[in-house]
Amino acid sequence: MPNVKVRISGRDSAYKIKIGSDTLSSAGPWVADCLKRDGCKVAIVSNPTVFQLHGEAVERSLIEAGFAVSRFLMKDGEAHKSLRTAEAALSFFSEAGLTRTDAVVALGGGVVGDLAGFAAAMYLRGIAFLQIPTTLLSMIDSSVGGKTGVNTVFGKNLVGAFHQPSGVLIDVDTLATLPQRELIAGFCEVVKHGAIGGKPLLKQTQKFLSTFPIEAFGDNQTDRGFRSEISKLIAANVEFKAKIVVGDERESSKRMDGRSRKILNFGHTLAHALEKVTSYQYFKHGEAVGYGILFAAELSKSLALCDEKDVKLLNDVAQSVGPLPALAKIDGDEVFEAFKFDKKHLSGSLQMILLKGIGKPVILTDNDIPRTTVQKVLKQLLKKWA
Ligand SMILES: NC(=O)c1ccc[n+]([C@@H]2O[C@H](COP(=O)([O-])OP(=O)(O)OC[C@H]3O[C@@H](n4cnc5c(N)ncnc54)[C@H](O)[C@@H]3O)[C@@H](O)[C@H]2O)c1
Ligand SMILES: [Zn+2]
């Protein structure tokens, strides 16, 4: 089964990302290996939904490996990725007696991973944490790269810290219990990686989805070929993200080249705007990204940056992921206004990631892109998707 190593510069050792089937049952020895110690205290951070399905295997293995295990279950949902929950986690770590040599294990999707990582970054100014992501999105995106944080009243993900995990353990069997909408959302980010990563990755995704359509995901889980191919696809995505992160760990605001960490935001200008105008209630984040990447590609074509063939390929692969929520009630002017939110909080200027072709991202600012072109493409697509 594939293993990916991530070497962050300035650190003495790389951390490992282990990917495979039935890996949860060896979580204990794996944590001991990542931390280079056993017998310390480990706090599992999860939520009731995930813990009920997959928690026992992890907890049992940790106890068998000699760890003193405690468990903090936060409420399920994006609304609970908050400072209030982070504070409750910190109190819990303190009551459980965690010291600087102890560790936090995040078991769940991106919400749990972001919150647990942020709490671990703050507790005693930073203790070790390990990620066991259980959604496709968290396996290929949020668990890799060291961004942790919470949402606040002034915006999503605007408070946080860079805190790299000591290891990431991916068990593809956990995807069997994931609702279909969450799978689709995760696959939209997989397609995003293909669009900016290059044709081999995009075609690997296309081939995977034509062999194993999402509707049959649960049934395929017993198929060894499926488990091997999904593991390889996740590994390819993780490798791609890790390569970008290692070259620009803290997302330098000055960098405007095609290897800047900012390119991972391909499709996110429209995604964030769609999420904002629907008060974060309507779309799963990945679903909004599904629309966002097609908008960015179409805009690239309108600006004569990207040719028709590549835009078509991207549309074909995105289509094969599955249905996205309808856009009928979305107002184009409101969406355009909402683009300003990213501008205000992220960089002072609106930076858009566009494509010169599959695997050739470019970063442009709103000064480089005629406002009328953006509005025209947006209106056209909203009409087409309504
Ligand atoms: N740190 C980063 O770099 C980064 C990158 C991308 C996204 N994110 C963050 O990730 C979050 C989204 O993550 P997500 O999409 O994983 O959502 P999520 O964590 O909310 O999980 C989605 C739902 O699936 C449930 N679930 C998780 N695993 C399951 C399983 N195996 N079986 C059944 N149900 C399961 C969860 O309980 C939840 O209800 C957002 O907060 C986003 O900001 C962070
Ligand atoms: Zn995203």
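Position 383 (the sequence shown) corresponds to 368 in this note's numbering; numbering is contiguous. Glycine included, each C-beta is placed from N, C-alpha and C at the ideal position.
heavy atom of ligand 2 below 8 angstroms from residue i C-beta
i, result
"Asp99", "no"
"Glu236", "no"
Nearest to residue i (by Cα), restricted to the options the options
i, options, result
"Leu279", "His178, Ala220, Gln266", "His178"
"Gly152", "Gly102, Gln304, Lys239, Phe193", "Gly102"
"Thr84", "Ser46, Asp99, Gly62, Ala28", "Ala28"
"Lys325", "Met337, Lys314, Lys228", "Met337"
"Val16", "Thr34, Pro(-13), Ala50", "Ala50"
"Leu363", "Val89, Glu322, Ala91, Ala221", "Glu322"
"Asp316", "Val262, Arg356, Leu154, Pro355", "Val262"
"Ile2", "Val(-11), Ser237, Val274", "Val(-11)"
"Glu319", "Ser264, Gly13, Gly94", "Ser264"
"Gly111", "Ile4, Gly145, Thr207, Leu186", "Gly145"
"Phe225", "Gly344, Ala81, Lys192", "Gly344"
"Tyr267", "Ser238, Leu309, Phe202, Leu288", "Leu309"
"Lys375", "Met124, Ala273, Asp295, Glu283", "No information on residue 375 is available, as it lies outside the stretch -14 to 371 that the chain covers here."
"Gly95", "Gln191, Glu167, Leu47", "Glu167"
"Arg212", "Asp7, Val(-9), Ala(-1)", "Asp7"
Check: residue i C-beta below 8 angstroms from any heavy atom of ligand 1
i, result
"His148", "no"
"Thr120", "yes"
"Ser127", "yes"
"Val96", "yes"
"Asn136", "yes"
"Glu322", "no"
"Thr70", "no"
"Lys261", "no"
"Lys228", "no"
"Ala106", "no"
"Gly342", "no"
"Ser67", "no"
"Val(-9)", "no"
"Glu44", "no"
"Ala91", "no"
"Asp61", "yes"
"Pro185", "no"
"Ala371", "no"
"Glu167", "yes"
"Lys286", "no"
"Thr207", "no"
CB contact flag (residue i, residue j, <9 angstroms)
i, j, result
"Thr119", "Leu38", "yes"
"Ser216", "Ser305", "no"
"Gln165", "Ile219", "no"
"Leu312", "Ala227", "no"
"Ser31", "Leu68", "no"
"Asp18", "Phe52", "no"
"Leu339", "Cys291", "yes"
"Leu109", "Val89", "no"
"Asp66", "Leu122", "A small fix is needed here, since residue 66 is Lys in this sequence, not Asp. Result no, Cβ atoms of Lys66 and Leu122 do not sit closer than 9 angstroms."
"Val43", "Ala12", "yes"
"His270", "Ala170", "yes"
"Val230", "Arg246", "yes"
"Val223", "Ile155", "yes"
"Glu236", "Asn136", "no"
How about the region 52 to 64 and the region 120 to 134: do they share at least three Cβ pairs that are nearer than 8 angstroms?
no
Any chance you could list the residues with Cβ under 6 angstroms from a heavy atom of ligand 2, keeping chain order?
Here the residues come out as Glu174, His253, His270, Val274.
Check whether the region 147 to 163 touches the region 258 to 267, counting contact only when three or more Cβ pairs, one atom from each stretch, lie closer than 8 angstroms.
no
Would you check if there are 3 or more beta carbon pairs closer than 8 angstroms linking the region 299 to 319 to the region 265 to 281?
yes
Below 8 angstroms, how does it come out for the region 344 to 351 and the region 238 to 255: are there three or more Cβ pairs, yes or no?
yes
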